[in-house]
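One line per chain: the protein sequences are U and L, in this order.
Counted from 1, the first sequence has number 217 at position 87 by my numbering; the numbering is strictly sequential.
Counted from 1, the second sequence has number 397 at position 299 by my numbering; the numbering is strictly sequential.
Backbone N, C-alpha and C define an ideal beta-carbon position, used for all residues, glycine too.
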Amino acid sequence: MASLTEPAAFVLAALADAPRHGWGIAEEVQVLSAGRVALRVGTLYGVLDRLTAEGLVEPDREELHAGRTRRYHRITAAGRGALTAEAARQEANARALRARLAVRPA
Amino acid sequence: MSPLEQRYRRLLRALPEPARSRWADEMTDTYLTATCADDPEFADFGSPALVDRLDVWRLALRLRLGAPGAAPRAVVTGAAVRWVALLGALGATAPAAIGQLGRLTSPDLPWVVTWQTPLVVTAAVLSVALFGCLVHGSWVARPVAGVLLAVHLVLGVSVAGPVPVSTWVVLLLAAVPPVAALVSEPAPAARPARWWAGAVTVLVLTGGLPWLSLVLPVWITGEAVWAAVLAAVGLRALVAGEVVVRRAVAVLGLLAVVPLALSATAGGGPTGYVATQAGAAAVLAVVAGACAVTATRDRHRLPA
C-alpha cells in the first residue's frame with residue numbers, strides 16, 4: 131500500500147477514537163500535531179474526498195446544527211489498517227535514524 | 099442565510115460535480131463554524147479570505163484533473179494533461195540538448211552572446227531536467243516547471259518591439275509543457291525506460307535528419323522532425339484507440355502546426371525548405387485534427 135500523506139494520516143488519526151464532523155477533524159488534527167498541521171478547509175475536504183473514495187473513511191451520521199446539516203465521518207477497518215501500516219513505517223524510519231545518531235563519528 | 103454563507107456558497111460553486119453536491123453544504127458549515135466561532139457578527143459583514151479562495155480553487159482544479167473520487171471524464175482530462183506535460187517536455191529536450199551541445203563542441207563558431215544567453219542555457223538545462231522529473235514522478239517537477247516557465251516568460255517579453263505572431267506561438271508552445279506539469283499531480287510514467295528511449299530517438303532524429311539536405315533536395319528542420327514524431331504518436335493512438343494520448347497529440351499538434359505553416363507561407367529559405375515545412379504542417383494538421391475530433395467525441399461518451 132502507498133504511504134499516506136501527512137494530512138491524510140492525521141485525519142485518520144483524528145477519527146480513530148470517535149466520529150467527527152469537518153471542523154471537529156480540523157481542530158483535533160491541530161491538537162494531535164501540537165499545532166504544527168493546520169488544515170485549511172479546502173485541503174481537509176480534498177483529503178476527506180480521497181479517503182472516502184479509497185474506502186478508508188465513511189459517512190457516519192448527520193445532525194442538524196444552526197439550520198444546516200452537519201455530517202460526521204468515521205474511520206473504516208481498512209482505514210485503521212492503513213493508519214497502522216503508516217505508524218509502523220514511521221516507527222521503522224525513526225528507529226533507523228536513531229540508530230545512526232547512536233554511532234559516534236570515528 | 100447570512101451574507102457570509104451566501105459568499106461561501108458562491109465560492110464553492112467552483113467545485114465540479116459530483117464533489118460539489120457531496121461536500122458543498124458541509125464545507126459551508128465548516129467555514130461558518132471556523133470563522134464565526136469567536137465573532138458571530140462576522141456572518142453579516144465577513145467575506146471568504148484570499149487563502150480560502152485559493153485553497154478552494156486549488157481543490158476544484160485537482161478534482162477537475164481527476165483526483166481520486168473525481169468523475170471518469172475528469173480522470174481522462176487529468177491523464178491527458180500529464181501526457182501533454184510529458185510529451186511536450188520530451189519535444190523540448192532535443193532542441194535544448196542539440197543547441198547546448200553545439201555551443202560546447204564548437205566553441206570556435208561565432209556564437210552571439212547577449213544578456214539572454216545565460217537564460218537560454220538555463221532554459222535548456224531545465225527542459226531536460228523537467229522531462230527527467232516527470233518521467234520518474236519526482237516532486238521536483240513542479241518547482242522546475244515554475245522556474246522554467248518564468249525563464250520562458252522573461253525570454254519572451256525581452257523579444258522587444260512588434261514581434262511576429264509566430265514568436266508568440268513558439269513561446270506558447272514552450273509554456274504549455276511546464277504549465278501542464280505545474281497543474282498535474284506528480285506520478286511516475288507507466289514505462290520510464292520507453293520515455294527515455296523515445297527522447298534519445300528524437301534527439302538522434304533531430305540531430306541526424308537535417309544532414310539529408312546534403313544528398314537530397316530537402317531542408318529538414320527540428321520543427322519538421324518533431325511534427326513527424328507527433329504525427330506518428332497520434333497515428334498510433336488513433337489506431338490503438340487511446341483517448342488520453344489522442345487528446346495530448348491534439349493539443350500539442352495543433353499548436354505546433356502554426357509556426358510550421360507560418361514559416362512555409364513566409365517563403366524564402368534554402369532549397370526544399372518551404373516544401374518540407376508545408377508538408378510537415380499538412381501531415382500534422384490532418385493527424386492532430388483527427389485526434390481532436392475523435393477524442394472530443396469519445397470524451398462525451400464518458401460519464402461527467
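In this structure L:M125 is buried. Its beta-carbon is surrounded by 16 or more other beta-carbon atoms within 10 angstroms. For L:R156, the three-state secondary structure derived from DSSP is helix.
Chain L places no beta carbon closer than 7 Å to that of U:Y202, leaving this residue out of the contacts.
DSSP places U:P149 in the coil class of the three-state scheme, outside both helix and strand. For the segment 124–143 of chain L, the beta-carbon criterion of a distance under 9 Å to any beta-carbon of chain U is satisfied by E124, M125, T126, D127, T128, Y129, L130, T131, A132, A135. The contact set of L:D150 on chain U, defined by CB atoms closer than 8 Å, consists of R170, V171, G172 in chain order. Look at L:D206 here: in three-state DSSP terms it is coil, with no helix or strand label. Note that the C-beta distance between L:G332 and L:V347 is below 7 Å. The beta carbon of L:R397 lies closer than 7 Å to those of R171, V174, V341 in the same chain, with the five residues before and after it left out. Judged by DSSP in its simplified three-state form, L:R289 adopts coil rather than helix or strand.
The beta carbon of U:G209 does not come within 7 Å of any beta carbon belonging to chain L, so the residue lies off that interface. Per the C-alpha coordinates, the member of L:A288, L:A359, L:L217, L:A222 positioned closest to L:A187 is L:A222.
Put simply, the CB of U:R198 is near chain L, with a gap under 7 Å to one of its CB atoms. Contacts with chain L at 7 Å (Cβ-Cβ) do not include U:G185. Relative to U:A208, the option among U:G185, U:A196, U:A229 whose CA is nearest is U:G185.
Identification of chain U residues near L:V179 by a Cβ-Cβ cut-off of 9 Å yields none; the smallest Cβ-Cβ distance measures about 18 Å.
One alpha carbon belongs to L:V384, the other to L:L185, and they sit about 19 Å apart. Taken in chain order, the complete alpha helix (DSSP H) segments of 4 or more residues contained in the segment 153–186 of chain U are 171–183. Under the 10 Å beta carbon count, U:F140 is surrounded by 16 or more other beta carbons and is classified as buried.
With fewer than 16 other CB atoms across the displayed protein chains lying within 10 angstroms of its CB, U:H195 is exposed. DSSP links U:L194 through a beta bridge to U:T199.
Using a Cβ-Cβ cut-off of 7 Å, U:G165 is close to nothing in chain L; its nearest Cβ partner there is about 16 Å away.
The segment 141–148 of chain L makes no contact with the segment 299–316 of chain L; the number of CB pairs closer than 8 Å stays below 3.
Of the residues assessed, L:L161 falls on the buried side of the cut-off, its CB having 16 or more other CB atoms within 10 angstroms. Rounded to the nearest whole angstrom, the CA to CA distance from U:E188 to U:A212 is 14 Å.
Look at U:G154: its C-beta is not under 7 Å from any C-beta on chain L. Taking the beta carbon of L:D396 as reference, no residue of chain U falls within 8 Å; the closest one sits roughly 24 Å away. For L:V249, the nearest beta carbon of chain U is not closer than 7 Å to its own beta carbon.
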